[in-house]
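J.: Quick one: this structure, given as structure tokens, is what I'll be asking you about.
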Amino acid sequence: NEAEQLTPLLLDDLTDENLQFVSKLKDSSSSCAVDVSTVWWEAAGRRELCVVTACEISVSLWKPLAPDHWGRVYTWQLGEIPVIQIIPLPDTCNLICIALGNLEIGEIRLLLYSSANDSFKQSLVKTGNIKAVLGLKDRRLVSSSRTMQEQQVEVVSLSETGRSKDGQTLMPPEETVLAFAEVEGVRDALVGTTAVNSVVVWNLKTGQLLKKMHVGYSYPASICHRAYSDSGLLFVVLSHPHAKESESCGNPAFRVIAFNPKTARSTGVMFSSLPPGHAGRQYLEGEVKDASAAAVLTSGAIAVWDLLLGQCTALLPPGPSGSWSLVRWCVTSARLLAGQTDGSVYVYRYS
Amino acid sequence: CSESDLGPISLNWFEELSSEAPP
Chain A
243 NEAEQLTPLL LDDLTDENLQ FVSKLKDSSS SCAVDVSTVW WEAAGRRELC VVTACEISVS
303 LWKPLAPDHW GRVYTWQLGE IPVIQIIPLP DTCNLICIAL GNLEIGEIRL LLYSSANDSF
363 KQSLVKTGNI KAVLGLKDRR LVSSSRTMQE QQVEVVSLSE TGRSKDGQTL MPPEETVLAF
423 AEVEGVRDAL VGTTAVNSVV VWNLKTGQLL KKMHVGYSYP ASICHRAYSD SGLLFVVLSH
483 PHAKESESCG NPAFRVIAFN PKTARSTGVM FSSLPPGHAG RQYLEGEVKD ASAAAVLTSG
543 AIAVWDLLLG QCTALLPPGP SGSWSLVRWC VTSARLLAGQ TDGSVYVYRY S
Chain B
26 CSESDLGPIS LNWFEELSSE APP
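As you go down the protein sequences, you meet chains A and B in turn.
Add 242 to the 1-based position in the first sequence for this note's numbering, that's all there is to it.
Add 25 to the 1-based position in the second sequence for this note's numbering, that's all there is to it.
Put into structure tokens, the structure is as follows:
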């Protein structure tokens, strides 16, 4: 009984202390928000952090006009194939990348502004049965795609107008790659997680597949979010959208695993479990930035964790107008974008 | 975690694996 009485109090404190509401953006024309992101956008010599909202048939760019007020800059209409997600491109300006498809990604497009003829444009980057895609530094995109016979893992370079000629094919593992993460601290290293719970490491420059390391079957369908190398070890942040509760580590949503890439041996470093009262099924989707993770839980709440402490640090209950459906970190850290299915996006300061 | 659990650690793991892996 004591635990039940304490839990709501603890969760209220988490929200009040660490997440402060900043502003709200409502796309009145949209009733089907599928993703939200931030992008640096430069116009008339002024560079601003803008919000990008996507619904199934269009993508809109919003710029800050005044405190708590956003103005729509432009809306790209996409046509018949629905938008599935926005693909963030690190360190880029005036470039938005999106994935379109039905059950899986069938097309990747760039949305951009062309100063040469003063117009907003879109261009096709890639088509296929695309299983995973990630925006890399230096305006590159890595993707895994499958044909009946084989898997292709490809890095494409992007120009201001679309796909560049230079690219690199990476040696594919036998199993399907479901997620990618660049390795911080090792230039040219890339990791991926596969459908049979392996972490694979590539050399982006040569295309070599350097190592395949098994994660273990305790937490199936692990997805890599972030990787960094320190003191000869490769640390990988994994999420477990479908993990089951275990006695030893509770209900883990995220894990930090240390791999020795030389021997392929690994050990768990930190577990981040669901907050009290959220046992059972895990979460719908989540995102990691630096040492912070955020996810929408099946209860309709948003949870934020400090991955180094292994603790839930904030909890945002479902809002008055409904459950949360999306959560994304801003390009600049310490800001969180929380989306609802009616197209409303709430900006929170996270401290 | 200790080195004995994970085996011998190399600070240059990326370069070493790149020189060992097939091109």
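Built from N, CA and C at the ideal position, the CB exists for glycine as well.
#1: Which runs of the beta strand (DSSP E) fall wholly inside the region 273-329 of chain A and span at least 3 residues, in chain order?
#2: In angstroms, rounded to a whole number, what distance separates the CA positions of A:K504 and A:W283?
#3: Taking a contact to mean a Cβ-Cβ separation below 8 Å, would you say A:P483 touches A:S515 in this structure?
#4: Here's the rule I'm using: 16 or more other beta-carbon atoms within 10 Å means buried, otherwise exposed. How should A:N502 be labelled?
#5: Check the Cβ-Cβ distances between A:P415 and every residue of chain B, and say whether any is below 8 Å.
#6: Which one of A:T317, A:E298, A:P309, A:Y316 has the shortest CA to CA distance from A:I326?
#7: Enumerate in chain order the residues of its own chain whose CB-to-CB distance from A:E246 is below 7 Å, with the five nearest sequence positions on each side excluded.
#8: List the whole-angstrom C-beta distance separating A:V397 from A:G409, where the pair is believed to meet the contact cut-off of C-beta under 8 Å.
#9: Note down, in chain order, every chain B residue with its Cβ under 7 Å from the Cβ of A:E453.
#10: Return the first residue and the last residue of the alpha helix (DSSP H) that A:L550 is part of.
#11: For A:N243 and A:L557, I'd like the C-alpha separation in whole angstroms.
#12: What's the call for A:S270, buried or exposed, on a 16-neighbour Cβ count within 10 Å?
#13: Please name the residue or residues paired with A:M472 in a DSSP beta bridge.
#14: Please classify A:Q582: does DSSP put it in a helix, a strand, or coil?
#15: According to DSSP, simplified to helix, strand and coil, what is A:I360?
#16: Look at B:A46 and A:Q450 and say whether their C-beta atoms are less than 8 Å apart.
#17: Name the chain B residues that come within less than 7 Å of A:G474, Cβ to Cβ?
#18: Assign A:Y590 to one of three DSSP states: helix, strand, or coil.
#19: With DSSP run on the structure shown, which of helix, strand or coil describes A:D408?
#20: Does DSSP put A:L432 in a helix, a strand or coil?
#21: Can you list, in chain order, the residues of its chain with a C-beta nearer than 7 Å to that of A:G377? Leave out the 5 residues immediately preceding and following it.
#22: Looking at the structure shown, is B:E41 part of a helix, part of a strand, or coil, going by DSSP?
#23: Out of curiosity, what's the CA-to-CA distance linking A:V433 and A:R288?
#24: To the nearest whole angstrom, what separates the beta carbons of A:L549 and A:V457, a pair I think is in contact under 8 Å?
#25: Does the beta carbon of A:V428 come closer than 8 Å to any beta carbon on chain B?
#26: Can you pull the chain B neighbours of A:V503, defined as C-beta to C-beta under 7 Å?
#27: Please work out which residues of its chain come closer than 6 Å, Cβ to Cβ, to A:S356, disregarding the five sequence neighbours upstream and downstream, and give them in chain order.
#28: Leaving aside the five residues before and after A:P559 along the sequence, list all residues of the same chain whose C-beta is less than 6 Å from its C-beta, in chain order.
#29: Listed in chain order, which residues of the region 267-301 of chain A have Cβ atoms closer than 7 Å to some Cβ of chain B?
#30: Considering Cα atoms alone, identify which of A:P518, A:A545, A:F513 is closest to A:G528.
#31: I need the straight-line Cα distance from A:K447 to A:M413, nearest angstrom please.
#32: To the nearest angstrom, how far is the alpha carbon of A:S534 from that of A:P309?
#33: Nearest to A:Q553 by CA position, among A:V530, A:F513, A:E416, A:N439, is which residue?
#34: Pick helix, strand or coil for B:L31, following the three-state DSSP scheme.
#35: Is the region 570-590 of chain A close to the region 31-41 of chain B, with three or more CB pairs under 8 Å?
T.: Inspection of the coordinates gives the following:
#1: If only complete runs of 3 or more residues are kept, the region 273-329 of chain A shows the beta strand (DSSP E) at 275-285, 288-297, 300-308, 311-319, 325-329, in order along the chain.
#2: Rounded to the nearest angstrom, the two C-alpha atoms are 42 Å apart.
#3: With contacts defined as CB atoms closer than 8 Å, A:P483 and A:S515 fail to qualify as a contacting pair.
#4: With a 10 Å radius around the Cβ and a threshold of 16 neighbouring Cβ atoms, A:N502 comes out buried.
#5: For A:P415, the answer is no, since every Cβ of chain B falls outside 8 Å of its Cβ.
#6: Comparing alpha carbon positions, the residue from A:T317, A:E298, A:P309, A:Y316 closest to A:I326 is A:E298.
#7: Confidence at A:E246 is low in this model, with a pLDDT of 35, below 50, so its placement is unreliable and the value that follows should be read with caution. If we look at A:E246 and ignore the five residues flanking it on each side, it has no Cβ neighbours.
#8: Yes, A:V397 and A:G409 are in contact; Cβ-Cβ is about 6 Å, under 8 Å.
#9: Position check: residue 453 of chain A holds Lys in this sequence, whereas Glu was assumed. Those within 7 Å of A:K453 in chain B are L42.
#10: Looking at the DSSP string, A:L550 is not in any alpha helix (DSSP H), and its letter there is neither H nor E.
#11: Residue confidence for A:N243 is low, a pLDDT of 35 falling below 50, so the modelled location carries little weight; the figure read from the coordinates is stated next. So the alpha carbons of these two residues sit roughly 22 Å apart.
#12: With a threshold of 16 other beta carbon atoms within 10 Å, A:S270 falls short and is exposed.
#13: This sequence places Asp at residue 472 of chain A; Met is not what is there. According to DSSP, A:D472 bridges with A:L475.
#14: It is a strand residue.
#15: A quick correction: the sequence has Asp, not Ile, at residue 360 of chain A. A:D360: coil per DSSP, three-state reduction.
#16: Cβ atoms of B:A46 and A:Q450: closer than 8 Å.
#17: Neighbours of A:G474 across chain B, judged by C-beta separation under 7 Å: I34, S35, L36, W38.
#18: Of the three classes helix, strand and coil, the one that applies to A:Y590 here is strand, per DSSP.
#19: DSSP places A:D408 in strand when its eight states are reduced to three.
#20: DSSP, reduced to helix, strand and coil, places A:L432 within a strand of the structure shown.
#21: I329, P330, L331, P332, C339, L383, listed in sequence order.
#22: Under the three-state reduction of DSSP, B:E41 is assigned to helix.
#23: If I take the Cα positions, the gap works out to 36 Å.
#24: About 17 Å; that fails the 8 Å criterion.
#25: Judged by the 8 Å Cβ criterion, A:V428 is in contact with chain B.
#26: For the sequence presented, residue 503 of chain A should be read as Pro rather than Val. Chain B residues near A:P503: W38, L42.
#27: Within its own chain, the residues whose Cβ lies closer than 6 Å to the Cβ of A:S356, once the five positions on either side in sequence are excluded, are K363, listed in chain order.
#28: Counting only Cβ-Cβ distances below 6 Å, and skipping sequence neighbours, we find A543.
#29: Residues: none.
#30: Of A:P518, A:A545, A:F513, the residue nearest in Cα terms is A:A545.
#31: The straight-line gap from Cα to Cα measures roughly 12 Å.
#32: The straight-line gap from Cα to Cα measures roughly 26 Å.
#33: It is A:F513.
#34: Three-state DSSP puts B:L31 in a helix.
#35: Flag = no, the region 570-590 of chain A and the region 31-41 of chain B do not touch.
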